[in-house]
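Report on the structure given below.
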Amino acid sequence: MGKEDMEGAVFVILHRHKFIYFMCLMFVLLSEGGKCKSRNFGYLRPIPEILRNYTMQWEAIEFGNISLIGRNLKYDSDQGTLAVKQGGSYFFHLTLHFTSTALDTVSSRVNVTLESATLVLLSCEVELPAVGQLMMPVTKTCWAVRNVKRDSRLCAQMIVHSETDNVFGWKLLSNGSGFLIHRVYGP
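Numbering (this note's numbering), first residue to last: 222 to 408.
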């Protein structure tokens with residue numbers, strides 16, 4: 222089994238068993254010295270914010286001194302963009318994990334889009350119900366494979382549609398939420 226096959230196997234596992242996914246990820250992608258072996262792989266999680274319309278900010282997942290951002294990707298935390306240094310077909314996987322924080326929540330619809338210039342690469346819509354009691358978290362997973370041009374800058378936009386101006390009672394959690402990108406084909 223070659224390196225590419227191993228990396229592909231990681232993504233099959235991802236969808237079903239997150240713990241196993243991370244164990245395989247550590248084995249296949251990480252090397253000594255804190256460098257990510259896979260140049261075309263990145264995993265980020267959102268920095269928790271109140272639900273509002275904005276360009277989402279992310280942080281790299283780190284295990285000690287090991288960062289899960291490959292050399293062909295670069296995250297700019299000031300602009301909230303991820304630069305893709307190599308063109309090709311990319312696998313995008315987005316998990317959004319929300320929790321209710323109040324007894325009375327407002328019904329809302331949250332749409333997170335991953336964009337490159339004016340091109341939407343991935344759109345993920347989540348319905349957050351209005352409830353009169355604390356409820357179980359709401360999680361939505363979306364994925365796509367899209368072509369991305371070399372030197373593209375990707376960003377994620379959150380748009381909130383709510384019955385009121387204030388989305389009361391819901392919060393996006395960083396634990397359980399994340400954005401994965403992996404180049405699966407290219408020149």
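Even for Gly, the Cβ is constructed at its ideal location relative to N, Cα and C.
Can you tell me whether DSSP reads residue i as helix, strand or coil?
| i | result |
| --- | --- |
| Ile268 | coil |
| Asn274 | coil |
| Leu401 | strand |
| Leu371 | Contrary to the premise, residue 371 reads as Arg rather than Leu in this sequence. Residue state, collapsed to three classes: coil. |
| Val327 | coil |
| Ala377 | strand |
| Asp297 | strand |
| Phe389 | coil |
| Leu349 | strand |
| Tyr406 | strand |
| Thr339 | coil |
| Ile282 | coil |
| Ser310 | strand |
| Gly263 | strand |
| Leu303 | strand |
| Asn396 | coil |
| Leu289 | coil |
| Thr322 | coil |
In angstroms with no decimal places, state the Cα-to-Cα distance between residue i and residue j.
| i | j | result |
| --- | --- | --- |
| Arg371 | Ala338 | 12 Å |
| Phe312 | Trp364 | 7 Å |
| Val352 | Trp279 | 29 Å |
| Gly291 | Arg374 | 15 Å |
| Tyr264 | Val381 | 24 Å |
| Asn261 | Leu401 | 11 Å |
| His403 | Arg330 | 28 Å |
| Ile271 | Met277 | 11 Å |
| Leu289 | Lys306 | 16 Å |
| His318 | Pro350 | 14 Å |
| Tyr275 | Leu340 | 17 Å |
| Ser298 | Ser383 | 28 Å |
| Pro269 | Leu393 | 6 Å |
Let me make sure I understand the geometry here. Which of the options has the alpha-carbon closest to that of residue i?
| i | options | result |
| --- | --- | --- |
| Val359 | Leu342, Thr316 and Arg367 | Thr316 |
| Gly397 | Arg292, His314, Leu335 and Tyr275 | His314 |
| Pro267 | Arg260, His382, Tyr406 and Leu303 | Leu303 |
| Ser203 | Cys376, Arg260 and Thr320 | The structure shown has nothing for residue 203, since the chain only spans 222 to 408. |
| Val405 | Thr385, Val366, Glu348 and Ile287 | Val366 |
| Lys295 | Pro269, Cys376, Leu393 and Glu348 | Cys376 |
| Thr362 | Met356, Glu336, Glu348 and Asn293 | Glu348 |
| Met357 | Trp391, Gly301 and Ser383 | Trp391 |
| Asn368 | Leu393, Leu342 and Asp299 | Leu342 |
Can you give me the Cβ contacts of residue i inside the same chain, cut-off strictly under 7 Å, excluding the 5 residues immediately before and after it?
| i | result |
| --- | --- |
| Phe389 | Ala323, Thr326 and Val327 |
| Thr385 | Val327 |
Within its chain, find whatever has a CB closer than 8 Å to the CB of residue i; leave out the 5 residues flanking it on each side and keep chain order.
| i | result |
| --- | --- |
| Pro408 | Gly308 and Gly309 |
| Ile282 | Tyr264, Leu265, Arg266, Ser288, Leu289 and Gly399 |
| Gly301 | Thr276, Met277, Gln278, Trp279, Cys376 and Ala377 |
Taking 6 Å as the limit between beta carbons, can you name the residues of its chain near residue i, skipping five residues before and five after?
| i | result |
| --- | --- |
| Ser200 | Residue numbering for the chain in the displayed model covers 222 to 408; residue 200 lies beyond these limits and cannot be assessed. |
| Glu346 | Asn332 |
| Asn293 | Arg260, Asn261, Lys306 and Gln307 |
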